Every structure is written in C-alpha cells, then in structure tokens.
Amino acid sequence: MPVNPWREIPPHSSLGVYTEHGLTPTLLSDFLSAASEAGCTMVYDPFVGSGVVVTYFQEKCIESAGADSNPWSLLLSRAKTLPLDWGAVRLWAERVEGEVGEFEPIVPSPRLARYHDARVLEDLGRLRALIEEAPGEWKPLLLAVLVRVAYRWSRLKRSPAPRFKDASQASGNVRLDFFSLLNKAISELEARRFCASVALFQADSSSWIPTRLCGVVTSPPFANNIDYIRHTMLELLWSGLARHSEDLGRLRSAQIPACEAAARTWKESSQHQWLRDLASRIGGSRAPGFKKFMLQYFHAMESHFSLISDSLEWEAWYTIGDSVLGGVYIPTHSILARLAEKSGLRASVKLLGPRMKRGRTLYLLRLAPQRKR
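Residues in the sequence shown are numbered from 624 upward in steps of one, following the numbering used here.
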C-alpha cells in the first residue's frame with residue numbers, strides 16, 4: 624500500500640498534508656523538466672489543496688498560483704509559502720509561552736465543544752486568543768500549528784469522513800504541544816527557499832480560472848464520496864473560517880460535488896447518455912445520492928475542462944483516482960479524458976500505480992490544446 628511521501632518532507636511534515644493525491648516529488652520533477660523544456664515559467668494548480676504544488680515550485684524558483692473553493696486550503700498553503708522573520712516569530716513564542724494562562728479563551732464555534740474535553744477546549748481557546756494578538760501575517764502559520772494540535776487532542780480520527788475515536792484523548796500538555804510544533808515548523812520553514820512568488824485565489828475552478836495558463840499540474844477531487852469540507856471541519860472551525868453548520872453547508876455548495884454531501888438539487892448534472900447509463904447501474908441503499916453527485920461531478924469537471932481549453936498554452940497534468948460506487952466501477956480517468964476531448968483538448972492517460980485504498984488505481988491524465996498557440 625503506497626504512503627504519501629510528503630508526510631516526511633518539510634514543511635508538510637510539521638504543518639500537515641492531505642492524505643492522497645498522486646502528486647509525488649518524482650511526478651512534479653518530471654513536470655518541471657518538461658515545462659522548462661517547453662519554456663513554461665508559470666505553473667497553476669486549480670485545486671491547490673494542502674499546497675504541495677505551489678510549495679514545490681516556489682522552492683524551485685518557479686512562479687506559481689493556486690485556487691481552491693475551501694478557504695482553509697488557501698490559509699494552509701499561505702502558511703507554507705509566506706516568508707516571515709523567523710527569528711522574530713521564535714522570540715515571540717519564547718516570550719508569550721508563559722503568558723498563555725492569562726488569556727480569556729476564544730472558542731470560535733460552539734460546535735467545537737463536541738470534539739474536545741472541557742479542559743482541552745479551554746487550553747486550545749487560550750492559544751486561539753493568543754493568536755489573535757499576534758501580527759496578522761503570522762496568523763496562517765500559527766493557525767496551521769493550532770489545528771494540528773487540536774486534532775491530536777480531539778475525539779476525531781482521520782478517515783474519508785471523520786469519526787469519533789473509541790479511545791481517550793491524547794495525554795500530555797496542550798500548550799507544550801503547540802509551542803513544540805511551532806518551533807519545529809519554524810525550523811523547517813527557515814530552511815526553505817522562498818525564491819518565487821505564489822498567488823492564491825478562492826475560486827470554484829469549474830466556473831473560473833485565469834485567462835492565460837502556460838502549465839497546469841494538479842490533483843482534482845476524486846469523486847470517491849469524500850466530504851472535503853467535513854474532512855477539514857476542525858480547521859475551518861478553529862480558524863474562524865466557519866462558525867456553524869450553515870457556514871459548512873455554504874462551503875460544501877461552493878465545491879465540486881465529489882460526494883453526496885456536496886450534491887445539490889440546483890446543481891447541473893451531466894446529460895451525456897453514456898454517463899447516465901453508467902450511473903443507472905449503481906445499486907444499494909445509497910444509489911440515489913451516488914448517482915446525483917456522480918453526474919454533477921462530471922458536469923462540473925467538463926465545465927472546468929472547457930475553461931482550460933480556452934486558456935491553456937502548453938500542457939495540463941492531472942492525477943486521477945478511479946472509484947467504486949454502489950458496486951459499480953467508475954473509470955474516472957477515462958471518463959475525464961473523454962470529457963476533456965469533447966471540450967477541445969488532446970488527452971492521454973498513463974498508469975501511475977495503486978491508490979492507498981486496496982484495489983483502486985492512480986492515473987496521470989495529460990491534456991494539451993488541439994493546436995499549438
């Protein structure tokens with residue numbers, strides 16, 4: 624079973640990285656070589672996620688930009704790519720560590736009481752109040768550290784949809800964990816090269832992308848029924864980017880519907896008969912929800928490819944994972960290739976290897992304009 628290699632690579636090792644995407648260091652290195660040969664000096668990631676692409680290319684001194692509909696993804700990516708006065712942050716941390724107990728706790732959402740013991744909630748709330756007093760440009764880094772600690776001390780465990788742990792919460796000291804992880808993150812970031820600019824946008828990439836794109840490399844949602852908003856729920860709540868269920872629902876509505884939770888009656892569905900025939904084969908008690916989000920997902924991705932077709936100057940690389948819904952195999956890679964070609968792009972597919980989930984596979988989808996520009 625493959626392991627996400629970025630988990631051991633700074634600064635993702637301290638600030639966190641999403642579980643699976645297929646954008647390995649080797650693949651990004653291959654993309655960089657091909658892009659350099661083509662004279663492409665700007666890279667775009669329309670599904671920026673935890674910032675792997677923009678962080679990698681910044682350190683290679685290549686300008687990049689990224690977009691995501693999830694504001695937490697943008698904050699985490701900013702924490703990894705924004706250069707700071709690391710000595711000043713370290714001195715501040717040393718000075719305020721003993722003062723945390725004097726702060727009145729700030730708990731941005733009442734929902735957070737479901738996920739933490741009262742003592743833990745209070746300690747995290749005091750740290751959150753401390754962050755409010757820090758300089759504004761430091762806050763992405765401090766919030767990224769806080770939510771990693773908050774997850775360790777929560778009743779939640781990571782899974783496609785977070786679930787409650789059976790065991791008791793972590794032992795130790797919440798405040799010590801925070802400052803220890805912060806110092807680790809500072810050390811990792813200090814060692815990086817911030818030799819290129821990174822631009823970040825909050826956007827739904829099925830309805831907006833920049834008007835000119837040289838090279839694109841990304842991993843879009845995989846249509847495998849992962850609720851990406853719930854998967855980052857603690858991050859959104861502790862950062863104040865969401866405060867209640869209405870906020871979380873609004874963010875789900877803004878994302879490409881790759882799960883039942885993000886499907887909406889008002890969202891458009893694919894009308895291609897061959898896709899509707901595939902959806903009709905989905906069975907089981909959850910078949911109606913699976914069919915709805917699958918058809919909405921492929922409609923949104925076709926809309927995205929239409930935008931790419933209008934803007935792309937060189938190539939776009941997508942890592943794609945296949946899916947099984949209601950007992951039916953969904954060859955997402957070949958479906959997306961077909962939709963991209965219908966949108967006016969040339970498509971090729973390459974096998975990358977197994978996914979983390981046994982029996983599933985990762986592919987590389989390469990797209991190019993029909994005619995060179």
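Glycine is no exception: its CB is placed at the ideal position from the N, C-alpha and C atoms.
In this text the structure is predicted, and so the values were computed from the model without any measurement.
Asked                                                                                                : Found
Residue 973 - DSSP class collapsed to helix/strand/coil                                              : strand
Residues near residue 918 by beta carbon distance below 6 Å, same chain, minus five either side      : 892, 893 and 902
C-beta contact flag for residue 638 and residue 771 at 8 Å                                           : yes
Entirely enclosed alpha helix (DSSP H) segments - the region 729-808, minimum 4 residues             : 741-755 and 762-775
Segment contact, 8 Å Cβ cut-off, at least three pairs: the region 843-859 with the region 815-827    : no
Beta-ladder partner(s) of residue 665, from DSSP                                                     : 686
Alpha carbon of residue 804 to alpha carbon of residue 765, nearest angstrom                         : 10 Å
Residues sharing a beta bridge with residue 654, DSSP                                                : Residue 654 is not bridged to any residue.
Rounded separation between residue 702 and residue 767 - CA only                                     : 7 Å
Proximity below 8 Å, CB of residue 998 to CB of residue 842                                          : There is no way to answer for residue 998, as the model of the chain reaches only from 624 to 996.
Beta-carbon proximity check, residue 1001 vs residue 673, cutoff 8 Å                                 : No answer is possible for residue 1001: it lies beyond the span of the chain, which begins at 624 and ends at 996.
Helix, strand or coil at residue 989 [DSSP, three-state]                                             : strand
Contact set for residue 680: own chain, Cβ-Cβ below 6 Å, skip 5 residues either direction            : 666 and 687
Which listed residue (976, 730, 962 and 932) has its alpha carbon closest to that of residue 746     : 730
Close beta carbons around residue 1001, own chain, < 8 Å, minus the five adjacent residues each side : Lying before the first or after the last residue shown, residue 1001 is absent from the chain, which here runs from 624 to 996.
DSSP state of residue 649 mapped onto helix, strand, coil                                            : helix
Contact set for residue 909: own chain, Cβ-Cβ below 8 Å, skip 5 residues either direction            : 883 and 949
Any beta strand (DSSP E) of 3 or more consecutive residues that is wholly inside the region 810-859  : 821-825 and 836-841
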